[in-house]
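Q:
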Amino acid sequence: MSEEKFRTEEFRVNGEELLAKIKNLLKEGNIRRVIIKDKDGKVVFEIPLTFGVVGALLAPQLVAIGAIAALLTEATVVVEKAES
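For the sequence shown, my numbering assigns the number 109 to the initial residue and increments by one for each residue that follows.
(1) Pick out whichever of Ile-144, Leu-133 and Gly-137 has its Cα sitting closest to the Cα of Leu-179.
(2) Taking Lys-145 as part of the beta strand (DSSP E), name the residues at either end of that continuous run.
(3) With Lys-131 as the anchor, note down where its alpha helix (DSSP H) starts and where it stops.
(4) Name the one or two DSSP bridge partners that Ala-167 has.
(5) Would you mind sorting Val-171 into buried or exposed? The rule is 16 or more other CB atoms within 10 Å of its CB.
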C-alpha cells in the first residue's frame, strides 16, 4: 500500500478576502482539506474534501464561509494539498 502524502500551506487574509481566497484555492485542485482559523488560531470551520467534490456540493460550505467572513476581521486559511 502506498501512503498518500500531503503538504500544508497557510495564508493570512482579512475577512473580505476570505471567500475569494477559498474559491481560488478550490479551483487549483489537489485540495484535501481547508481549515479556517480566527486571529487567535482557533479553528472556526473545516471542510474535508474528496477528489471530484465540486460545484453544487460545495455551495452550502461556501455560504457558511461567507457568513464566517462577515464575522472575522482577519483569518488564517490552512490548506492540505495532496502531493503527486
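Each residue gets a CB set at the ideal place from its N, CA and C atoms; glycine is no exception.
A: Taking the coordinates as given:
(1) Measuring from the Cα of Leu-179, the nearest candidate turns out to be Ile-144.
(2) For Lys-145, the uninterrupted beta strand (DSSP E) run begins and ends at 139–146, by DSSP.
(3) Unbroken alpha helix (DSSP H) run through Lys-131: 123–136.
(4) DSSP, once it has assigned bridges, lists no residue as partnering Ala-167.
(5) exposed
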